[in-house]
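Here the structure comes first, spelled out in structure tokens, and everything after it is commentary.
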Amino acid sequence: MFISRIEDCITGASSYDVLGGLFREMNHPGITPAGRYKGVDYFNGGLCSVIHSIDLTKKELNFLELSAKGNWSQVRPAIFCNLFESTIDTIERHVRGIHYTSEADIMNIVRPTISRYWEEIIEAANTIGELSTLQLELQNYRVLDSACR
């Protein structure tokens, strides 16, 4: 969908607010029902609460198209998290509690408190019925992360 919007702009559609419109839709709970951003789901949580409309140049649009068509599967998400965190003013990061925690640090907590528990129970299951019961329990399992708001 993103590539299509960029290609539309490259072939003549207005690029004014093409990114701002997308960010606005990501900032609204639910799935966008129609229009240019049909199907965009809310995920933002305030990340894009202030949106500036801009008109992209042909060079910027070409760069975005090339970037969007690239294979990003080998780029670790941690890189984006670190980049995002580094762009936010230190005072605002503190006020909002924005801090990227590395996967290794997270796993130091998650592995012994959550993962190991489930791995041991699954390993001990001896029948399809026991595994089916565990599957239902796992689907209903919830974790409270006090660092998330």
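Each position in the sequence shown, counted from 1, maps to that position plus 1306 in the working numbering. Backbone N, C-alpha and C define an ideal beta-carbon position, used for all residues, glycine too.
- DSSP places Lys-1344 outside any alpha helix (DSSP H), giving it a letter other than H or E.
- Taking all protein chains in view, the Cβ of Val-1346 is crowded by 16 or more other Cβ atoms within 10 Å, so the residue is classified as buried.
- Within the same chain, Cβ atoms closer than 7 Å to the Cβ of Tyr-1322 are found at Ser-1359 and Asp-1361, the five residues on either side in sequence being excluded.
- In this structure, the alpha-carbon of Ala-1431 lies about 20 Å from that of Thr-1419.
- Counting C-beta atoms within 10 angstroms of its own C-beta, Ile-1312 has 16 or more neighbours from the protein chains shown and is therefore classed as buried.
- Looking at the DSSP output, Ile-1337 shares a beta bridge with Asp-1347.
- Assignment of Met-1413 by DSSP, reduced to helix, strand and coil, places it in the helix class.
- For Val-1324, the uninterrupted alpha helix (DSSP H) segment begins and ends at 1324 to 1332.
- The beta carbon of Arg-1399 is closer than 8 Å to those of Glu-1391 and His-1405 in its chain, skipping five residues each way along the sequence.
- Straight-line measurement puts the Cα of Tyr-1343 at about 8 Å from the Cα of Gly-1327.
- Listed in chain order, the non-local C-beta contacts of Glu-1331 below 6 Å within the same chain comprise Thr-1338, Tyr-1343 and Val-1346, local neighbours out to five positions each way being set aside.
- Here Gly-1376 carries a coil assignment [DSSP, helix/strand/coil].
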